[in-house]
Amino acid sequence: MKLLRSWLAPAHTIHRVVQVSRRQIVLLTLLLGLAFSVLLAIPFVLYHRAESDNNLSLLRAEQERVIKLAAGVIHQEMDAVLSDLRYLSQHNEIRNYLAQPNRSTSLELAREYLGLASQKQIYDQVRLIGLDGKEAVRANFNDGNPEIVADQNLQDKHDRYYFEETLWLSPGQIYVSPMDLNIEQGAVDQPPKPVIRFAVPVADDNGLIRGMVVLNYLGQRLRDKLSALEGQAGKIWLLNAEGYWLMGPTPEDEWGFVLPQRSQRKLANRSPRLWQQMEAAKSGIHQSATSWIHFERVYPLGRSAPVGVADFARPVDADRYYWTIAVELPQSTLQAANLALLKKLWAVYGALVLFAFLVAGALAFVINRNKALAQVVEKVVDNLPMLIAYVDAEQRYRFNNMAYEGFFGLKPSEIYGKTMRELLGEPAYQAAHPYIEQALAGEAVTFERQLADKGPGMHDVVISYLPDRSPQGEVRGFYVMVNDVSLIKESERRDSRRMLELAHVSRLASMGEMATEIAHEINQPLAAIAMYSAAGQRILQGDGDRSQIATWLEAINTQAKRAGEIVRRVRRFAQKGEHQSSPVDLGQIAREVAALLDHEARSQQVEIVLELAEDLPPVQGDHVLLEQVVFNLVRHALDMLRAQTGERRITLRTAFDAHLVYVEVCDTGPCVDPALGEHIFDSFVTGKEGGLGMGLTISRSIIEAHAGTLRYKMNPEGGNTFMFSLAREAR
Amino acid sequence: MKPHEPRVYIVDDDDAVREALGALLGSVCLIYQSFASAEAFLAVASPHMRGCLLLDVRMPGMSGLELQRKLQEQGVALQIVIITGHGDVPMAVRALKAGASDFIEKPFNEQDLLDRIQTCLQDDHHLWNTRQALDEAAARFATLTPRERAVMELIAVGDHTKKIAAQLGIQDRTVDVHRFNIMRKAGVRTLAELLRLWFAAHQATQL
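Protein chains in written order, with the working numbering: chain A, 1 to 731; chain B, 1 to 207.
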């Protein structure tokens, strides 16, 4: 959790400053969420379409299967009936009865018929009808209570169509009636009892036709069997050749050809196109606005030609006797299936959309924050008093801040994509080229130079090239950072000038303080010269020993040179002159300072000891200024020794190591007040009477201007040591 | 007490100046002796030295003023000419207060220097003469009896004979006798002479 928080808003980073716009996040979330939802919908639509197509074809296959099963059921049923009928036309009881029609054989036959009716349960009536149309033997199923019909209840059926049709048949032919409703005593049975009458002529042993056996097949049994097949595939219809329903969409649609009040209930009326299709083809598929209908014509009697008994008990007109089985699948079933699928899909899709919106929200937040962050960074980068740019590996500008444009007076479009050579100009580019090469080699470089702006101005700038590496470590380009240090440089130059002026003033002040000493010192050779020359004159006027005059003249010459040397030294020390950096021998400086202050030291009974290192390497610097430093330090030591009653000695020491050259000025005087500490280098802080407190300050400024250090320490054995170090001049 | 021969002593740390001074003095036939430091001179200094000391005040080690003080302590009575550098007047004044005879600023006119040396040598001569006289006077007063010394002391403060007699409880005449003896021993004729000699001798003994 802590990790997550720190990831979301890292502490102490610019993230804290970034203000995200809630409104923009909401808008972006809606937009992104919508886009995601639309994209997500595509596979769902495709899947839905495929799935509903699949459903349809499955249902169609099911329809086809049901039709095949139905056809099979019909054939099986009809075959069984025909088989029974063939048996009934030839079995012993009928033959006995026909040979001797009496009470006994009649009863036997009736029992046989009763047995059949009760065993098979598919025959409503089993009858033997004589050629006169009168029923001779009859067994009724009687809805499950089979009975033999008594003689007095036997009816005359000579006017019924099946009787007449069968009379025309020869033995071995079978008559099958259309399926219709049973009519008993001239009226349709209630409830309606679908029935098919099968009739076969029976002949006696002499081949003489004596009557016919009639089976009333209970159509309801076929209907039940077919109904059992109904399921997903839809409602099963059974149509006769005229297009009336034997099994219909509803019971009310059935039996239109039997029941006068339903005479209009036929397919041709209800769905003429389907009817046309059925008349034209034996099987097919019909799609209407409300349903899918698969149909196939079946010939219930078509298969009943037992092998080897081709001419026996063959149904007449088997090829014209047909029904049509149709399976009606209402569109609503399909729609219901699709609806269920759709519900499931919607649920999943809804969840996904919800998730998509969450993702969109997170994305919107991140995008918005990144944008805000970029704005903050851009604002900062634009307003930094610094030129910032990014240059790619081909040295083309890819980014720059406003300061960059302002400096060169260019529009963003005039910088972007330009090469450094084009923008900087040839001379400036050549100057920067080695650094560019370094940066592109993956090295961060910083250098100083002067750069021309859009106008005539020149600026002192510090330029940094910071290489930008790809995660693979390849240099893709580099950041350019240009810092205008003109003001700092100018200030530095001013400080430096001020320091030099101050140093000069200080030197003059020193000279002023030393005026007495200088005069005193220069008086020595002058006095000597005066006395030598006076002595010479006297000798020349008188008659003394003239041999000494040559020696004296030589002494005069030496002393004149000595005076000249003093003057030269003083003038050199006090000069203002051009300060320039050149190799400086600090040992020589030590000797010169010792000479300059020798007289003052001697007059104070101070001994100056030189301990100079041999082969001291030179340092880079200004001779006059460095001499001033040594001078100030020795002079400070002299001042400190003023109060010393014991040993008075100043040691000037030089040393060096691999990098630095050291100069030490040690005295044996009383120590600097420890309370002063490092403040002894501050202006106007002085530990000595009458001191201005400038010497050490200026000395430190000079040493710092030479990139060196000046330190003070107390000697363990008493006295003070000032030490400065400067870098050895590079060879 | 046998004084040395008067001469010019030079003490200066600057070789050139020292040698040039020597050349100059030599050219006017003055006898001189050079020392490079105060310590070197002090090593040979004695009360018998006579003449003039040319002393540079500023020297490493012992300074001119310090040497001057040491010499006084040791009773070396040389005429001292202080040589100073330009602007060293305060130091010269201190030297004069401490009993130096003169000072001269560098660079100096050689004649001026020579004149001053001559003066010093004369002063030295005079001093030695006075000193001899005083020494003699002191020797004379040393022969006074205690009673005569007591009377002399009262005379020196200016008392009359009667007052002296009253104070010492003796006769006026006795006082006169003592006075007569004192004047005889001192070898003077007038009271004024006696008093001058007394004070001089008194001063000399105090030195």
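Ideal placement from N, C-alpha and C gives every residue a C-beta, glycine not left out.
Under a three-way DSSP split, which group does GLN232 of chain A fall into?
Within the first sequence, residue 232 of chain A is the residue found at index 232, counting from 1. Reduced to three states, the DSSP call for GLN232 of chain A is coil.
DSSP three-state call for LEU660 of chain A: helix, strand or coil?
In the first sequence, counting from the first residue as 1, residue 660 of chain A sits at position 660. Correct three-state label for LEU660 of chain A: strand.
Along the stretch 547–580 of chain A, what residues have a CB closer than 8 Å to any CB found in chain B?
GLN548, TRP552, ALA555, THR558, GLN559 and ARG562
Cutoff 7 Å: VAL17 of chain B Cβ touching any chain A Cβ
Translated into the one-based positions of the second sequence, residue 17 of chain B becomes position 17. Answer yes: the Cβ-Cβ gap between VAL17 of chain B and chain A drops below 7 Å somewhere.
May I ask you to list, following chain order, the residues of the stretch 34–61 of chain B that have a beta carbon less than 8 Å from some beta carbon of chain A?
ARG58, MET59, PRO60 and GLY61
Nearest to LYS418 of chain A (by Cα), restricted to the options A:ASN400, A:ALA432, A:GLN430 and A:GLN261
Numbered from 1 along the first sequence, position 418 holds the residue referred to as residue 418 of chain A. Considering only alpha carbons, the answer is A:ASN400.
Could you check if SER227 of chain A is buried or exposed, using at least 16 other CB atoms within 10 Å of its CB as the buried criterion?
Counted from its first residue, the first sequence places residue 227 of chain A at position 227. The residue in question, SER227 of chain A, is exposed, as its Cβ has fewer than 16 Cβ neighbours within 10 Å.
Determine which residues of the stretch 702–724 of chain A have a Cβ less than 7 Å from any Cβ of chain B, and write them out in chain order.
From the stretch 702–724 of chain A, no residue has a Cβ closer than 7 Å to chain B.
Taking 8 Å as the threshold, find out whether the stretch 289–302 of chain A comes into contact with the stretch 324–331 of chain A through three or more Cβ pairs.
yes
Near PHE733 of chain A, which residues of its chain fall below 7 Å by C-beta distance, leaving aside the five closest residues on each side in sequence?
With chain A covering 1 to 731 only, the question about residue 733 of chain A has no answer from this structure.
For HIS202 of chain B, three-class secondary structure by DSSP:
Counting from 1 along the second sequence, the entry for residue 202 of chain B is found at position 202. Looking at HIS202 of chain B - three-state DSSP - the assignment turns out to be helix.
Could you check if LYS162 of chain B is buried or exposed, using at least 16 other CB atoms within 10 Å of its CB as the buried criterion?
Taking the second sequence and counting its residues from 1, one reaches residue 162 of chain B at position 162. Flag for LYS162 of chain B reads exposed.
Applying a beta-carbon distance threshold of less than 7 Å, which residues of chain B neighbour LEU596 of chain A?
For the purposes of this step, residue 596 of chain A is identified with residue 596 of the first sequence, where counting begins at 1. Residues of chain B passing the Cβ test: none, with the nearest at roughly 16 Å.
Which class does LYS162 of chain B belong to by DSSP, given the choice of helix, strand or coil?
As a working mapping, residue 162 of chain B is identified with position 162 in the second sequence. Three-state DSSP puts LYS162 of chain B in a helix.
Exposed or buried, ALA281 of chain A, counting other C-beta atoms within 10 Å across all chains shown (16 or more means buried)?
Your numbering for residue 281 of chain A matches position 281 in the first sequence. Exposure of ALA281 of chain A is indicated by the presence of fewer than 16 other C-beta atoms within 10 angstroms of its C-beta.
Leaving out five residues before and five after GLU600 of chain A in sequence, what residues of the same chain have Cβ atoms less than 6 Å from its Cβ?
Position 600 of the first sequence, counting from 1, holds the residue named residue 600 of chain A. Closer than 6 Å at the Cβ level, and outside the excluded window around GLU600 of chain A, lie GLU517.
Quick check on the DSSP output: the beta strand (DSSP E) that includes GLN125 of chain A runs from which residue to which?
Here the question's residue 125 of chain A lines up with position 125 in the first sequence. Run containing GLN125 of chain A: 123–130, per the beta strand (DSSP E) assignment.
Quick one, are the C-beta atoms of GLY243 of chain A and ALA268 of chain A less than 7 Å apart?
Working through the first sequence from its first residue, we reach residue 243 of chain A at position 243. Working through the first sequence from its first residue, we reach residue 268 of chain A at position 268. Going by C-beta atoms, GLY243 of chain A is nearer than 7 Å to ALA268 of chain A.
For the stretch 23–31 of chain B against the stretch 571–587 of chain A, are there 3 or more C-beta pairs whose distance is under 8 Å?
Cβ pair count under 8 Å is below three, so no.
Thinking C-alpha only, which one of A:LEU424, A:ILE183 and A:ALA560 is nearest TYR404 of chain A?
As a first step, residue 404 of chain A is located in the first sequence; it is residue number 404 there, counting from the start. Residue A:LEU424 is the option with its Cα nearest to TYR404 of chain A.
Along the chain, where does the beta strand (DSSP E) that runs through LYS713 of chain A open and close?
Your numbering for residue 713 of chain A matches position 713 in the first sequence. LYS713 of chain A -> beta strand (DSSP E) spans 709–714.
Taking all protein chains shown into account, do 16 or more other C-beta atoms lie within 10 angstroms of the C-beta of GLN430 of chain A, making it buried, or fewer, making it exposed?
Working through the first sequence from its first residue, we reach residue 430 of chain A at position 430. Result: exposed.
Kindly list the residues whose CB is nearer than 7 Å to the CB of GLU689 of chain A, restricted to its own chain and excluding five residues on each side of it in sequence; keep chain order.
Along the first sequence, read from residue 1 onward, the residue named residue 689 of chain A stands at position 689. Since pLDDT at GLU689 of chain A reaches only 47, below the 50 mark, its modelled position is unreliable, and the value read off the structure follows with that caveat. For GLU689 of chain A, where only same-chain residues beyond five positions count, there are no Cβ hits under 7 Å.
Residues, ordered as in the chain, of the stretch 511–540 of chain A that lie near chain B by beta-carbon distance below 7 Å
THR516, ALA519, HIS520, ASN523, GLN524, PRO525, LEU526, ALA527, ALA528, ALA530, MET531, TYR532, ALA534, ALA535, ARG538 and ILE539
Given that a residue counts as buried once 16 or more other Cβ atoms are within 10 Å of its Cβ, and exposed if not, what is CYS120 of chain B?
Working through the second sequence from its first residue, we reach residue 120 of chain B at position 120. Buried, since its Cβ has 16 or more Cβ neighbours within 10 Å.
Could you tell me whether the Cβ atoms of GLN167 of chain B and ASP123 of chain B are closer together than 7 Å?
Translated into the one-based positions of the second sequence, residue 167 of chain B becomes position 167. Translated into the one-based positions of the second sequence, residue 123 of chain B becomes position 123. For GLN167 of chain B and ASP123 of chain B, no; Cβs fall outside 7 Å.
Excluding the 5 residues preceding and the 5 following ASN181 of chain B in the sequence, name in chain order all residues of the same chain whose CB lies nearer than 7 Å to its CB.
In the second sequence, residue 181 of chain B corresponds to position 181, counting from 1. Excluding residues within five positions, the ones whose Cβ falls inside 7 Å are GLU148.
Would you list the one or two residues that DSSP bridges to GLY284 of chain A?
One-based indexing of the first sequence puts residue 284 of chain A at position 284. Its beta-bridge partners are A:PHE295.
Using only CA atoms, which one of A:LEU354, A:ILE183 and A:TRP245 lies nearest to LEU40 of chain A?
Position 40 of the first sequence, counted from the start, is the residue given in the question as residue 40 of chain A. Among A:LEU354, A:ILE183 and A:TRP245, the Cα nearest to that of LEU40 of chain A belongs to A:LEU354.
Taking ASP123 of chain B as part of the alpha helix (DSSP H), name the residues at either end of that continuous run.
Counted from its first residue, the second sequence places residue 123 of chain B at position 123. It spans 110–141 - the alpha helix (DSSP H) in which ASP123 of chain B sits, taken as one unbroken run.
Would a check of beta-carbon distances place GLN605 of chain A closer than 7 Å to chain B?
Taking the first residue of the first sequence as 1, we reach residue 605 of chain A at position 605. Closer than 7 Å: yes.
Please report whether the beta-carbon of PRO6 of chain B lies at a distance below 7 Å from any beta-carbon of chain A.
Counting from 1 along the second sequence, the entry for residue 6 of chain B is found at position 6. Taking CB atoms only, PRO6 of chain B has no neighbour in chain A less than 7 Å away.
Any beta strand (DSSP E) of 3 or more consecutive residues that is wholly inside the stretch 433–493 of chain A:
445–452, 458–469 and 475–484
Residue from A:ASN715, A:TRP168 and A:MET247 whose Cα sits closest to the Cα of MET212 of chain A:
For the purposes of this step, residue 212 of chain A is identified with residue 212 of the first sequence, where counting begins at 1. When only C-alpha atoms are compared, the closest one is A:TRP168.
Cβ shell of GLN580 of chain A (< 8 Å), same chain only, five flanking positions each side left out:
Within the first sequence, the letter at position 580 stands for residue 580 of chain A. Hits under 8 Å: ASP622.
Which one of B:ARG131, B:GLY26, B:GLY75 and B:VAL177 has the shortest CA to CA distance from ALA45 of chain B?
Taking the second sequence and counting its residues from 1, the one referred to as residue 45 of chain B is at position 45. Of B:ARG131, B:GLY26, B:GLY75 and B:VAL177, the residue nearest in Cα terms is B:GLY75.
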